[in-house]
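See structure below.
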Amino acid sequence: MTTSYDAVILGAGIVGAACALECARAGMRVAIVERDTIGSGATAAGMGHVVAMDDSPAQLALTGYSRSLWTRLSPELPASVEYHACGTIWVARDEEEMDEVHRKLAYYTAEGIEAEVLDSNALAEAEPNLARPLAGGLLVPHDAVLYPPCAAGYLVEQAQRHGATLLLGHTVISAAHGQVTLKDGTALQAKIIVNATGSLAPALTPGLQVKPRKGHLIITDRYPGYLHHQLVELGYLKSAHSSTGDSVAFNVQPRKTGQLLIGSSRQFDSDSEDTSVDHKIVAAMIERAALYMPGLPSLSALRIWSGFRAATPDKLPLIGPTEDPTVFLATGHEGLGITTSLGTARLLADHLLSRPTTIPLAPYLPSRLPSSYLSDEAIHV
Amino acid sequence: MTTQSHLAHRFQTLIVGSGPAGIAAATCAAEAGHRVGIIDDNPNPGGQIWRSLRGQSTPDTSHGDGASEWYRRLTATSATRLQGWSVFDQPEAGIVRAERQGGTVHLHYDNLIIATGARERFLPFPGWTLPNVMGVGAIQAMVKGGLPVAGKRIVLAGSGPLLLAVAATLRAAEAIVVCICEQASLRQLAPFALGLAADPAKIMQGLRYKAATLDVPFHTSAWPVEADGDGILRSVTILHHGEKQQISCDYLACGFHLVPNTELAAMLGCRIEADNVAVDELQRTSISNIFCAGEPTGIGGLELSLIEGQIAGLAGAGQDKEARLLLDKKRRASHFADRLAAAFALRSELKELPQETTLVCRCEDVPYGSLKQHHSWRAAKLHTRCGMGPCQGRICGTATHFLLGWNADSVRPPLLPVRIASLASLEAPLNSATSNTQETP
Ligand SMILES: Cc1cc2nc3c(=O)[nH]c(=O)nc-3n(C[C@H](O)[C@H](O)[C@H](O)COP(=O)(O)OP(=O)(O)OC[C@H]3O[C@@H](n4cnc5c(N)ncnc54)[C@H](O)[C@@H]3O)c2cc1C
Ligand SMILES: Cc1cc2nc3c(=O)[nH]c(=O)nc-3n(C[C@H](O)[C@H](O)[C@H](O)COP(=O)(O)OP(=O)(O)OC[C@H]3O[C@@H](n4cnc5c(N)ncnc54)[C@H](O)[C@@H]3O)c2cc1C
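In the order they appear, the protein sequences are chains A and B. Everything in the first sequence is counted per our numbering, starting at 46 for the first residue and increasing by one. Everything in the second sequence is counted per our numbering, starting at 1141 for the first residue and increasing by one.
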């Protein structure tokens, strides 16, 4: 096995996969190291909503940019990725939320993101299974949904076509100073190390302000035609934004298979490997969803699962250099990493190759957050 | 929605599964004075072997293998019997939830006895998804439920004593059982047949099957390699002692021995060892108040299931001494189980059955060719959707375990598809054990 690379990417989630492709395409000799299988972490647990999100200007910039990269990539994606530009409807329950719809419309339009206000009737027509009456909504037509593990698989495959090496089933135990050490003792030399291990990133790069934030999803049996757009309640950002406590929000997605994926929940302070189902939060999710879609409770659920988002204090990812000149970060994507994977990878590659970036990198630079070195956290993997 | 959507019960001993193991466990625990509940997903009690004919709410006691005596003993106790309820998850320690036609029930327990039985193993081969190719258990159930098969040509193929049992049912319904194809070799089966003779109860059973199937050719070292038909089954190609033989038929019933239903135990966190629920001599699992009896601890047949059920019921009710009195009998019966396992071990040639285009996952239409590219069940599942459908890998996960040596993922709730509303009902008032959910007279 070759043990010397230009870039070693840690983690084959969707973010690592996208970084590997950008680096390999730029001509670097790339290795991707993954302890389990491609897309088996948060990428397997996520919803796959490719969405322009406006929690902050920097978030809208990165999600909008990334979304445009997905749109451009979409014609070449294989069917297994289930890419479907179904659009998002942000659902408003009352007039107060309709004010938010208009604010959002102005904001999106100013950023060049197409959006359209739906009144109560137009909303009911677009989604007959929603409760009535609701005040209306904001349709964002170019948002999409996809199936994340296969998207990650496709990106890795493309990286391999550009010469990247995939090392599956290898756990990285340390990565610093140009060397990546695997559990079996193998040492890989790397000019550049990209830590893309998601919520587990602090184990390899100590001091990162990344915390696991648990989320649950419910998948239903097939109900073709039941739902046409990804529906998200306008209160979603409030839920996503609160940095403490548990929260749920109505968020439901139509899959190409006709299945519905029902979200979503957010919980801190959980053991980042404990994916057991919390029945209380699931019940709260269902009750919330039933307010918006009264028919949902009588559909059949196939399975519940949970996963961990990599949350940062300011809800923006960590992209770029660290104090160790060989170690770079691509983590902290919270609930948007499927969307922002492509933008992240492009920004990182532009930075590594000193190319101009399309949007400013500064808001995502790890150096914006004070790092808190906790030396004994470093070793446990 | 029914009025039962928010019922709850509290039991000292709760048994999941009312097959022989569950019935024996419930009877012994109740006779020992415990407040007992026994819950089962079928409308009728009795499990796979004693399950009654359609429309009857008592088990099929025509077997003369103890069914009627056990059922009489059980009904003489005050055990609450809940039929038609599927246990689907455990929202918190000491409570399981079950669903029936949209209604949900919460069952609080001090001790839980898992007696969830076994299911057939299916192996994919070209044509196995054609209409009229089905499981041996399925055809047995359908015939018992009234499917007319008189004069129909039926081939039984696969492995295990179930093939003989089903041949008997089919003959009784005047079907033409063209042949039984048992994949095991005669050499492999011989010690088992001898073993049968050493056990009087087994001789009776063995003889009964033999008599009924006397005029049915029984091929050993024979298995199906392809089913053919134009939209519906017309014939099956059998490999028998290395030679191919095409047989025309109306039905092909397959089953490659049994696999234990360990999903509930696994979901509750009980240790699984070599595909079986690990138990100590008193049927205790790795979780202190959870016991397991019958097929989930290892395929052992009726007699061992009954003994394990009694031991679990007694031990769960604190009667360890009485339970230990059964240990000698259990030891003898498990020798039978060991012989059973050895006799019907699957030959490795069966791994060559599926072709690239043969569907392995019927829920998600995943062919063998796309599965093989992956290195683990989880990888295959994530990238091909294999096992993500309504059966949640019960069929394809079992098949790929044999074909590719893969081990299934952790078990996630719900155990089976349930109404979303059922997942939301957390709090439920406690009713007394004699509430209106008592189904059977
Ligand atoms: C419930 C839920 C819903 C979501 N919905 C959406 C959505 O709709 N839209 C959206 O854009 N985003 C969504 N997300 C967020 C998205 O899933 C994540 O942001 C994204 O998957 C992160 O990808 P990643 O590659 O950074 O991390 P991961 O997918 O977690 O990948 C990290 C990889 O690193 C590997 N790894 C870790 N440690 C090591 C080691 N020591 N050695 C080797 N390998 C290692 C892991 O096995 C893993 O495969 C959701 C997340 C959750 C939990
Ligand atoms: C299809 C089939 C047909 C068989 N036919 C014969 C035969 O004809 N002759 C013979 O000698 N042996 C037969 N056997 C073998 C026989 O099942 C065993 O020898 C023995 O009866 C096992 O007893 P048990 O109590 O362990 O399990 P079972 O009899 O299988 O009983 C388990 C019960 O638990 C229920 N259950 C499982 N999970 C749940 C849940 N989550 N919630 C609620 N209920 C649940 C099941 O529906 C079932 O009623 C058959 C096996 C199978 C799989």
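Ideal Cβ positions, reconstructed from N, Cα and C, are used throughout, including at glycine.
Closest residue to residue i among the options (Cα-Cα distance)
i       : options                               : result
A:M92   : A:T389, A:A196 and A:V185             : A:A196
A:A329  : A:S111, A:T116 and A:R311             : A:R311
A:T133  : A:T371, A:Q298, A:I77 and A:I83       : A:Q298
B:G1286 : B:P1301, B:A1315 and B:R1487          : B:A1315
B:G1277 : B:D1250, B:W1546, B:V1227 and B:T1309 : B:T1309
A:L341  : A:D395, A:Y271 and A:L361             : A:Y271
B:A1166 : B:P1554, B:T1402, B:V1399 and B:A1457 : B:A1457
B:L1252 : B:F1262, B:G1545 and B:N1429          : B:N1429
A:T357  : A:P186, A:V126, A:Q254 and A:M143     : A:Q254
A:S410  : A:L212, A:L393 and A:T384             : For the sequence presented, residue 410 of chain A should be read as Leu rather than Ser. For A:L410, the nearest C-alpha among the options comes from A:L393.
A:I238  : A:L249, A:L336 and A:L107             : A:L249
B:I1189 : B:R1175, B:G1162 and B:Y1508          : B:G1162
A:S101  : A:V95, A:G109 and A:L200              : A:G109
A:R80   : A:K301, A:T216, A:T385 and A:T116     : A:T216
Supposed close pair residue i, residue j - CB separation, criterion 8 Å
i       : j       : result
B:R1150 : B:H1248 : 4 Å
B:P1436 : B:I1254 : 6 Å
B:G1453 : B:A1169 : 4 Å
A:E332  : B:A1564 : 6 Å
A:P123  : B:H1523 : Incorrect: roughly 11 Å between the Cβ atoms, too far for contact.
A:A103  : A:L361  : 6 Å
B:L1392 : B:A1297 : 7 Å
A:G303  : A:P269  : 4 Å
A:E172  : A:L276  : 6 Å
Range covered by the beta strand (DSSP E) that runs through residue i
i       : result
A:E140  : First-last for A:E140: E140 to A155, but that is the alpha helix (DSSP H), not the beta strand (DSSP E).
B:T1437 : Where B:T1437 is concerned, there is no enclosing beta strand (DSSP E), given that its DSSP letter is neither H nor E.
A:V162  : E161 to D164
A:W350  : S345 to A356
B:Y1249 : G1243 to I1254
B:G1396 : The identity of residue 1396 of chain B in the sequence shown is Phe, whereas the question assumes Gly. Y1391 to F1396 is the span of the beta strand (DSSP E), which, as asked, contains B:F1396.
A:K256  : K256 to R267
B:S1510 : First-last for B:S1510: Y1508 to K1512, but that is the alpha helix (DSSP H), not the beta strand (DSSP E).
A:L363  : L363 to P366
B:W1225 : First-last for B:W1225: undefined, no H or E at that position.
A:R80   : Run containing A:R80: none; DSSP gives neither H nor E here.
Partners in chain A for residue i, counting only beta-carbon separations shorter than 7 Å
i       : result
B:L1444 : Under the 7 Å cutoff, chain A gives no residues; its nearest Cβ is about 33 Å from B:L1444.
B:L1408 : Within chain A, no residue comes near B:L1408; the closest Cβ sits about 11 Å away, beyond 7 Å.
B:S1516 : T82
B:H1523 : P194, C195 and G198
Interface residues of chain A facing residue i [CB-CB closer than 9 Å]
i       : result
B:P1554 : A346, L347, R348 and I349
B:P1557 : T265, D266, S345, A346, L347 and R348
B:R1222 : It is Leu, not Arg, that sits at residue 1222 of chain B in the sequence shown. Within 9 Å Cβ-Cβ: nothing; B:L1222 doesn't reach chain A, min ~21 Å.
B:V1560 : Note that residue 1560 of chain B is Ile in the sequence shown here, rather than Val. By Cβ distance, chain A contributes I263, T265, I307, I331, A334, A335, L341, P342, S343, L344, S345 and A346.
Continuous alpha helix (DSSP H) stretch holding residue i: start and end
i       : result
B:Y1211 : A1207 to A1216
B:V1295 : Segment R1293 to S1299 is the beta strand (DSSP E) holding B:V1295; no alpha helix (DSSP H) there.
A:S41   : The structure shown does not extend to residue 41 of chain A, since chain A spans only 46 to 426, so no value can be given for it.
B:E1462 : D1460 to R1464
A:H396  : G382 to L397
B:A1403 : The question names Ala, yet the displayed sequence has Glu at residue 1403 of chain B. Residues E1403 to M1407.
B:D1468 : L1467 to A1483
Partner residues on chain A for residue i, Cβ-Cβ distance less than 8 Å
i       : result
B:E1232 : H324
B:Q1532 : L347 and R348
Chain-ordered neighbours of residue i on chain B, where CB pairs are closer than 9 Å
i      : result
A:A62  : Simply none; closest approach about 12 Å.
A:A493 : Because chain A here runs from 46 to 426, residue 493 of chain A falls outside it and cannot be looked at.
A:S85  : R1518, A1519 and L1522
A:L213 : H1515 and A1519
Chain B contact residues for residue i, given Cβ-Cβ distances below 8 Å
i      : result
A:G93  : Correct list: empty, because the minimum Cβ distance to chain B is about 12 Å.
A:V327 : L1563 and A1564
A:L276 : Those do not exist, as A:L276 stays about 16 Å from chain B at its closest Cβ, beyond 8 Å.
Chain-ordered neighbours of residue i on chain B, where CB pairs are closer than 7 Å
i      : result
A:E332 : A1564
Problem set entry | Whole runs of the alpha helix (DSSP H) within the stretch 1145 to 1190 of chain B, excluding any shorter than 4 residues | 1160 to 1171 and 1187 to 1190
Exercise. Mind pulling the alpha helix (DSSP H) runs of 4 or more residues that sit fully within the stretch 179 to 237 of chain A?
Worked result: 193 to 206
For this session: Report the residue ranges of all beta strand (DSSP E) runs contained in full by the stretch 1258 to 1292 of chain B; include only those spanning at least 3 residues, in chain order.
Result: For the stretch 1258 to 1292 of chain B, whole beta strand (DSSP E) runs of length 3 or above, ordered along the chain, are 1258 to 1260 and 1273 to 1275.
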